[in-house]
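Undergrad: From first to last, the protein sequence lines stand for chains A and B.
Under my numbering, the first residue of the first sequence is numbered 205, with each subsequent residue one higher.
Under my numbering, the first residue of the second sequence is numbered 13, with each subsequent residue one higher.
We put the CB at the ideal spot given by N, CA and C, even for glycine.
These numbers come from a predicted model, not from an experiment.
Provided herewith is a single structure, encoded as structure tokens, for subsequent inquiry.
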Amino acid sequence: MTTFPVERLAGVFVEVADTLVADFDVVDFLHLITARAAELVPDSAVGLMLADHQGRLRFMGASTEATRLLELFQVQNDQGPCLDCFRTGVGVVNADLHDDDTPWPQFAPRAVEAGFRSVHAVPLKLRSEVIGALNVFGRQPTRLEPADAHIVQALADVATIGLMQERAIRRSEVLAEQLQTALNSRIVVEQAKGALAQMHGVSVDDAFDLLRSHARSTGTRLSDVARRVVTDPDGVRGLSRP
Amino acid sequence: MGNPVADILREVRSEELPSDADPSTRSLRRLCQVATRLVGAQGVAVNVVATDGAPQLVAASDGVERPLDGLQQITGDGPGSEAFGTSRPVLVPDLDELDPARWPGYVAAARANGIHAVFAIPLQVGAVRLGSLELYRSAAGGLSADELTNAFSLADAAVTLLLDEHFPVEGAVTGPPASLPYRAEIFHAQGMVMMQLGVSLHEAMLRLRAHAFVNDADLADVARQVVNHQLRLDRPDDEGGSYDGPVKREGGR
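Rendered as structure tokens:
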């Protein structure tokens, strides 16, 4: 039996499904998945990585855009639960970051330094192919129950479905095309975060919230707002601080 | 796991070309030759966006009929233009199955040139769009998973070559980096420099790379300093030269 509040759980899956309408934004959608996963797992931060064509894991979204969290994802191209999960296709649940015998001697101390005690990773899988991983960092030593881990996996599955949904999938090559496009969209968002941070004198983390609230209030896709910020900054001068 | 982009760049450097090849696009032309083998294509072309915004053919493998690309420049439609315009790969495994209204002029010209499948990959770094890589096949059929992976790696290699050679930075004497670094702070710094200097994102990217090259610094370190407000790049005017176009590099390898 899951320890997550059942009403909240139902709400999360309805909200996520509701996002999968025509022309939704994949960067925004994956951010939503991580934000909701972080709400379900008490006192946690959640991030999602996708593999590029070279098999390198690249950051796609997180419940908080805090720089230290991003660094933890970066480290994982060398070692870490996300990388293990991506390579094996098997989830990592309830890994203790304080464990002396940690399989990730470089990653674990940095995660502890960032305030985390435990870590979990579940794969994003399409049929037999692993395309990325969802990473949950816990600030408390509490353990994830097996039923809770299944729900986190279900959210990762929905993320995969969303990635495939953005455009109708008829051929296997569309998967690679889709990943490629999603990864580039994320870069556009990062570039726009930098431009907005400079424009408004805010941190790049806060710049992401600015982008999102502007996209929401104007009914524009997050990636489209981001692209406008970096191609026509004068056109979005009105994009105000929250 | 190896680094396919670095492998491609190594192979590109060892590829032999006829001596009459235009030196400014020699590497891209080698890349196109290498690409024909890696993706099983009869022709490969690289289109690069010119200052007026339209992609133009700058390099091609043997076997690419130039009139076809000439036509594409005139009509403005075709897979390369679409990949460039939409920032998405455009994969057409069978031109015969294509809606004839999609690229009316292009399809007829492609068929006349014996092309039955075409694949175009955008050459881009986020919102910085440089051009497109086009792969032509004389027989209909999709790319295999390996061929598609190779096509994306070739596009990465082409972006690296474009940044280092087609839009070179002054003073850059090192060989191309093994592959493009994907670190969030590099992209943040590009956006910040763009606003600081009032230049395009493309130019901001070139200026960051130039600063790293000139100071023999790691691009990620330079980017981190910019993001942490420890470094602010000078305005182009302050350096006594404008930065309004590709800079000719001399004597570079």
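Taking the DSSP output, what are the residues bridged to Gln136/B?
TA: Taking the first residue of the second sequence as position 1, residue 136/B is located at position 124. Answer by DSSP bridge pairing, in chain order: Arg141/B.
Undergrad: Determine the DSSP secondary structure at Gly92/B, reduced to helix, strand or coil.
TA: Counted from its first residue, the second sequence places residue 92/B at position 80. Gly92/B: helix per DSSP, three-state reduction.
Undergrad: State whether the region 201–219 of chain B contacts the region 397–404 of chain A, with contact taken as three or more CB pairs (one from each stretch) at a distance under 8 Å.
TA: yes
Undergrad: Could you say if the region 138–146 of chain B and the region 208–223 of chain B meet the contact criterion of at least three C-beta pairs nearer than 8 Å?
TA: yes
Undergrad: Residues in the region 416–436 of chain A with C-beta within 8 Å of chain B's C-beta atoms, listed in sequence order?
TA: Ala430, Arg431, Val433, Val434, Thr435
Undergrad: Going by beta-carbon coordinates alone, are Val231/A and Ala241/A separated by less than 8 Å?
TA: For the purposes of this step, residue 231/A is taken as residue 27 along the first sequence, with counting starting at 1. For the purposes of this step, residue 241/A is taken as residue 37 along the first sequence, with counting starting at 1. No, Cβ-Cβ distance for Val231/A and Ala241/A is not below 8 Å.
Undergrad: Given Gly75/B, which residues of its chain have a CB within under 6 Å of its CB, disregarding the five upstream and five downstream residues?
TA: On the second sequence, residue 75/B is found 63 positions in, with the first residue counted as 1. Gln54, Gly55, listed in sequence order.
Undergrad: From the beta carbon of Gly398/A, is the nearest beta carbon of chain B less than 8 Å away?
TA: Translated into the one-based positions of the first sequence, residue 398/A becomes position 194. Interface residue, yes.
Undergrad: Measuring CA to CA, which of Ala196/B, Asp89/B, Leu107/B, Ser36/B is closest to Ala151/B?
TA: Taking the second sequence and counting its residues from 1, the one referred to as residue 151/B is at position 139. Nearest option by C-alpha distance: Leu107/B.
Undergrad: Please state whether the Cβ-Cβ distance between Phe290/A and Phe277/A is less than 8 Å.
TA: Sequence index remark: in the first sequence, residue 290/A carries index 86 (1-based). Sequence index remark: in the first sequence, residue 277/A carries index 73 (1-based). Taking 8 Å as the cut-off, the beta carbon of Phe290/A is found no closer than this to the beta carbon of Phe277/A.
Undergrad: Any heavy atom of the ligand NAD closer than 7 Å to the beta-carbon of Leu367/A?
TA: The ligand NAD is not among the ligands present in this structure, which contains no ligands whatsoever.
Undergrad: Looking at the strands, I want to know which residues DSSP matches up with Pro327/A.
TA: Here residue 327/A refers to the residue found at position 123 of the first sequence. BP columns for Pro327/A point to Ala337/A.
Undergrad: Between Gly153/B and His404/A, what straight-line distance do the alpha-carbon atoms span, to the nearest angstrom?
TA: Position 141 of the second sequence holds residue 153/B. Position 200 of the first sequence holds residue 404/A. Cα to Cα, the separation comes out at about 50 Å.
Undergrad: Thinking C-beta only, is His257/A closer than 8 Å to Asn298/A?
TA: Translated into the one-based positions of the first sequence, residue 298/A becomes position 94. Translated into the one-based positions of the first sequence, residue 257/A becomes position 53. In this structure, His257/A does not lie closer than 8 Å to Asn298/A by Cβ.
Undergrad: Return the bridge partner residues of Leu254/A from the DSSP annotation.
TA: Within the first sequence, residue 254/A is the residue found at index 50, counting from 1. Arg262/A, Gly336/A, per the DSSP bridge assignment.
Undergrad: Distance check for Ser332/A and Gly295/A, CA to CA, integer angstroms please.
TA: Numbered from 1 along the first sequence, position 91 holds the residue referred to as residue 295/A. Numbered from 1 along the first sequence, position 128 holds the residue referred to as residue 332/A. Their Cα atoms are separated by approximately 14 Å.
Undergrad: State the start and end residues of the unbroken beta strand (DSSP E) segment that holds Asn281/A.
TA: Taking the first sequence and counting its residues from 1, the one referred to as residue 281/A is at position 77. No beta strand (DSSP E) contains Asn281/A, which DSSP labels as neither H nor E.
Undergrad: Pick helix, strand or coil for Phe164/B, following the three-state DSSP scheme.
TA: Reading the second sequence from its first residue, position 152 is the one you call residue 164/B. It is helical.
Undergrad: Using the three-state DSSP reduction, which class does Arg314/A fall into: helix, strand or coil?
TA: As a first step, residue 314/A must be located in the first sequence, where it is residue number 110. Helix.
Undergrad: For the candidate residues Glu394/A, Phe208/A, Asn388/A, whose alpha-carbon lies nearest to that of Glu197/B?
TA: In the second sequence, counting from the first residue as 1, residue 197/B sits at position 185. Closest by alpha carbon: Glu394/A.
Undergrad: Just mark His447/A as buried or exposed, buried being the case when its beta carbon has 16 or more other beta carbons within 10 Å.
TA: Because chain A here runs from 205 to 446, residue 447/A falls outside it and cannot be looked at.
Undergrad: Taking 8 Å as the threshold (beta carbon to beta carbon), is Phe164/B in contact with chain A?
TA: Within the second sequence, residue 164/B is the residue found at index 152, counting from 1. With 8 Å as the cut-off, Phe164/B counts as an interface residue toward chain A.
Undergrad: At the 8 Å Cβ level, is Phe341/A part of the contact set with chain B, yes or no?
TA: Here residue 341/A is taken as the residue at index 137 of the first sequence, counted from 1. So no, Phe341/A is outside the interface.
Undergrad: Can you give me the C-alpha to C-alpha distance between Ala360/A and Ile133/B, rounded to a whole angstrom?
TA: Your numbering for residue 360/A matches position 156 in the first sequence. Your numbering for residue 133/B matches position 121 in the second sequence. Taking the straight line from one Cα to the other gives about 28 Å.
Undergrad: Which residues share a DSSP beta bridge with Leu147/B?
TA: The sequence position of residue 147/B within the second sequence is 135, counting from 1. Leu147/B pairs with Val56/B, Phe131/B.
Undergrad: In this structure, does DSSP put Gln68/B in helix, strand or coil?
TA: For the purposes of this step, residue 68/B is taken as residue 56 along the second sequence, with counting starting at 1. In this structure, Gln68/B counts as strand in the three-state DSSP scheme.
Undergrad: Can you pull the chain B neighbours of Val408/A, defined as C-beta to C-beta under 9 Å?
TA: Counting from 1 along the first sequence, the entry for residue 408/A is found at position 204. Per Cβ cutoff of 9 Å: Ala196, Glu197, His200, Gly203, Met204, Val239.
Undergrad: Report the rounded CA-to-CA distance for Asp300/A versus Ser267/A, giving the unit in angstroms.
TA: Indexing the first sequence from 1 puts residue 300/A at position 96. Indexing the first sequence from 1 puts residue 267/A at position 63. C-alpha separation (whole angstroms): 21 Å.
Undergrad: When the Cβ atoms of the region 224–238 of chain A are set against those of the region 314–330 of chain A, are three or more pairs found closer than 8 Å?
TA: Touching, no, given that fewer than three Cβ pairs across the two stretches are closer than 8 Å.
Undergrad: Below 8 Å, how does it come out for the region 343–353 of chain A and the region 305–316 of chain A: are there three or more Cβ pairs, yes or no?
TA: no
Undergrad: On the DSSP letters alone, give me the boundaries of the alpha helix (DSSP H) that Ala47/B sits inside.
TA: Here residue 47/B refers to the residue found at position 35 when the second sequence is read from its first residue. Looking at the DSSP string, the run of the alpha helix (DSSP H) that includes Ala47/B is 38–51.
Undergrad: Only counting the same chain, and skipping five residues up and downstream in sequence, which positions put a Cβ closer than 6 Å to that of Val102/B?
TA: By 1-based counting over the second sequence, the position of residue 102/B is 90. For Val102/B, where only same-chain residues beyond five positions count, the Cβ hits under 6 Å are Pro91, Glu94, Ala95, Ala132.
Undergrad: Quick check on Arg262/A - is its C-beta less than 8 Å from some C-beta in chain B?
TA: Stepping through the first sequence from its first residue, residue 262/A is reached at position 58. Arg262/A counts as touching chain B.
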